[in-house]
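Read through the structure below, which is laid out as structure tokens, and then see the notes.
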Amino acid sequence: MSDILLNFVGLVLSVFFGILLTFFYWLVIWWLDRFEKEPVWLLSVLFLWGAVIVPLLAIIFELAAEGVASIVIGGTPLEFASVSVIAPIVEEVFKGMGVLAIVGFREFDDALDGLVYGATVGLGFALTENILYFFANFAGGVPVFFVFLMRSIVFGLNHALFTGVFGIFLGLAKVSRNALLKWVLGIFGFALALSMHASHNALVSFFDIQGVAASAGFHALTVAIIILGAFLLLYFERKWIREYLWEEVQAGLITEELYKRVYSWSCLTKEAHILFARGWRAYARAKNARHLLARLALRKKAYRRTGNPAYLKDIEDIRARIRTLA
Numbered sequence: 253m254s255d256i257l258l259n260f261v262g263l264v265l266s267v268f269f270g271i272l273l274t275f276f277y278w279l280v281i282w283w284l285d286r287f288e289k290e291p292v293w294l295l296s297v298l299f300l301w302g303a304v305i306v307p308l309l310a311i312i313f314e315l316a317a318e319g320v321a322s323i324v325i326g327g328t329p330l331e332f333a334s335v336s337v338i339a340p341i342v343e344e345v346f347k348g349m350g351v352l353a354i355v356g357f358r359e360f361d362d363a364l365d366g367l368v369y370g371a372t373v374g375l376g377f378a379l380t381e382n383i384l385y386f387f388a389n390f391a392g393g394v395p396v397f398f399v400f401l402m403r404s405i406v407f408g409l410n411h412a413l414f415t416g417v418f419g420i421f422l423g424l425a426k427v428s429r430n431a432l433l434k435w436v437l438g439i440f441g442f443a444l445a446l447s448m449h450a451s452h453n454a455l456v457s458f459f460d461i462q463g464v465a466a467s468a469g470f471h472a473l474t475v476a477i478i479i480l481g482a483f484l485l486l487y488f489e490r491k492w493i494r495e496y497l498w499e500e501v502q503a504g505l506i507t508e509e510l511y512k513r514v515y516s517w518s519c520l521t522k523e524a525h526i527l528f529a530r531g532w533r534a535y536a537r538a539k540n541a542r543h544l545l546a547r548l549a550l551r552k553k554a555y556r557r558t559g560n561p562a563y564l565k566d567i568e569d570i571r572a573r574i575r576t577l578a
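In our numbering, the protein residues as written are 253 to 578.
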């Protein structure tokens with residue numbers, strides 16, 4: 253009885269800390285996108301897509317696919333196909349659909365936005381999947397803390413990485429002017445996400461401790477590469493903001509001081525200082541101005557790249573809003 257009670261406590265703690273860790277991971281990803289934050293409503297929709305809709309669709313389609321596969325194959329081949337082929341394909345298709353659905357939105361500017369959107373969907377899915385695993389292992393008598401350690405910490409960013417990689421390539425496709433290259437980038441991004449997912453599942457399911465170690469090492473390396481890539485994307489985003497906002501300084505729309513604050517690496521620190529020195533209203537005003545100006549710069553870049561008149565309307569609307577803040 254004491255073992256059951258101990259495992260139940262582990263279950264409760266695993267669910268609680270699993271939610272906290274998911275929120276922490278999302279905060280890190282949100283922090284990386286420091287110059288133009290994505291709309292909270294859109295991120296919330298994507299998170300719910302990953303946390304609610306994708307698991308439901310995945311369960312239905314995975315069970316159906318496994319039923320068909322069981323007619324043709326059985327035993328270990330069926331288990332391998334289920335874990336390493338069916339599950340990755342079904343899950344990446346439905347997670348990817350969430351990101352693909354918003355690729356035409358004007359808020360989706362570049363590869364960094366794709367990373368944020370894709371990772372948000374992945375974190376939503378991972379949270380639900382992990383909680384289901386916690387309950388399943390508790391019912392089966394498996395120590396839940398070990399499951400929590402592996403799924404929420406060692407491999408806690410897996411699904412965020414898989415769908416984030418797809419989002420990055422969708423972002424690269426969006427900024428490309430070549431129609432064929434857009435398709436190539438999108439297909440390659442999905443294939444890469446799918447292969448990462450499938451190889452992870454195969455390694456941890458069929459190759460014992462060596463497979464887990466290999467997958468954990470690859471996971472850590474991929475996280476490091478993605479973070480370095482995000483900072484590289486931030487560097488270019490900052491460069492574009494400096495370039496396209498300088499015209500607004502010359503036109504008299506904004507001051508040079510505000511211009512420098514928008515692209516500063518320490519912009520969040522400066523806004524925190526405004527919060528403590530001048531209060532919430534001044535902080536909200538400064539934050540709103542920075543977001544609007546960063547958005548203005550990126551919309552100008554998008555307009556010059558595509559010539560889409562919808563961006564031109566955005567540019568004029570943002571300028572009008574900035575004038576009201578002056």
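Quick reminder that beta carbons are idealized off the backbone N, C-alpha and C, glycines included.
Every value quoted in this text rests on a predicted model; they were computed, and no experiment measured them.
For residue j and residue i, believed in contact at Cβ under 8 Å, the rounded distance
i: T380; j: A303; result: 5 Å
i: R556; j: I567; result: Not really, about 10 Å apart at Cβ, beyond 8 Å.
i: A425; j: K434; result: 4 Å
i: A321; j: L330; result: 6 Å
i: V335; j: N453; result: 5 Å
i: A445; j: E509; result: Rounded, the Cβ-Cβ distance is 43 Å, inconsistent with contact.
Selected residue, minimal CA-CA separation from residue i, among the options
i: F390; options: L265, L279 and A546; result: L265
i: K539; options: A562, L550 and Y515; result: Y515
i: A472; options: L295, G559, N410 and P340; result: N410
i: L261; options: R513, K434 and V396; result: One detail in the question is off: residue 261 reads as Val in this sequence, not Leu. The option with the nearest alpha carbon to V261 is V396.
i: L401; options: Y511, L273, I570 and L352; result: L273
i: R575; options: G504, G481 and S296; result: G504
i: L554; options: F528, G356, E509 and V335; result: Note on residue identity: the sequence assigns Ala, not Leu, to residue 554. Among F528, G356, E509 and V335, the Cα nearest to that of A554 belongs to G356.
i: I354; options: G370, P340, E344 and A339; result: G370
i: F360; options: H525, Y563 and R573; result: Y563
i: L384; options: T521, I526 and V267; result: V267
i: F387; options: G270, G481 and V324; result: G270
i: N560; options: Q502, R358 and A431; result: R358
i: S457; options: K289, L257, V337 and P307; result: V337
i: V464; options: F483, G481, A536 and V406; result: V406
i: E499; options: A549, P291 and P307; result: A549
i: K289; options: G531, G438 and E489; result: E489
Distance, residue j Cα to residue i Cα
i: E226; j: V342; result: This structure cannot speak to residue 226, because the chain is shown only from 253 to 578.
i: V399; j: A450; result: 20 Å
i: I281; j: G376; result: 13 Å
i: M253; j: N382; result: Note that M253 has pLDDT 47, beneath the 50 cutoff, so the model's placement of it is unreliable and no number is given.
i: S404; j: V373; result: 16 Å
i: A317; j: A333; result: 10 Å
i: V475; j: L295; result: 21 Å
i: S467; j: A534; result: 48 Å
i: W293; j: G408; result: 24 Å
i: W517; j: Y487; result: 10 Å
i: A572; j: L497; result: 15 Å
i: L455; j: S447; result: 12 Å
i: L298; j: I478; result: 20 Å
i: I305; j: A412; result: 16 Å
i: I526; j: I312; result: 51 Å
i: S428; j: I570; result: 25 Å
i: A310; j: L300; result: 14 Å
i: F440; j: L422; result: 10 Å
i: L279; j: T507; result: 31 Å
i: L432; j: L352; result: 17 Å
i: A541; j: L577; result: 7 Å
i: K565; j: V324; result: 57 Å
i: Q502; j: V436; result: 40 Å
i: A529; j: F276; result: 27 Å
i: E523; j: Y511; result: 14 Å
i: T521; j: T558; result: 34 Å
i: F483; j: A378; result: 24 Å
i: L257; j: G319; result: 36 Å
i: L308; j: C519; result: 41 Å
i: R537; j: L480; result: 31 Å
i: G469; j: F459; result: 14 Å
i: G438; j: L485; result: 18 Å
i: I461; j: P291; result: 42 Å
i: W609; j: R513; result: In the structure as shown, the chain begins at 253 and stops at 578. Residue 609 is therefore absent and cannot be evaluated.
Handout entry: Sufficient close CB pairs (3 or more, under 8 Å) joining the stretch 358-371 to the stretch 284-302
Key = Note that the stretch 358-371 touches the stretch 284-302; at least 3 beta-carbon pairs, one per stretch, sit closer than 8 Å.
Exercise for the section: Kindly confirm or deny that the stretch 413-427 and the stretch 341-349 touch, where touching means at least three C-beta pairs closer than 8 Å. Expected result: The stretch 413-427, when compared against the stretch 341-349, does touch it at the 8 Å Cβ threshold.
Handout entry: Any 3 or more C-beta pairs closer than 8 Å across the stretch 545-554 and the stretch 485-504
Key = yes
Exercise for the section: Let me know the alpha helix (DSSP H) ranges lying completely inside the stretch 450-533, each 4 residues or longer, listed in chain order. Expected result: 460-502, 508-515 and 519-530
Exercise for the section: Give, in chain order, every unbroken run of the alpha helix (DSSP H) that is at least 4 residues long and sits entirely within the stretch 274-332. Expected result: 292-300 and 306-324
Handout entry: Continuous alpha helix (DSSP H) assignments of at least 4 residues falling wholly in the stretch 357-396
Key = 363-391
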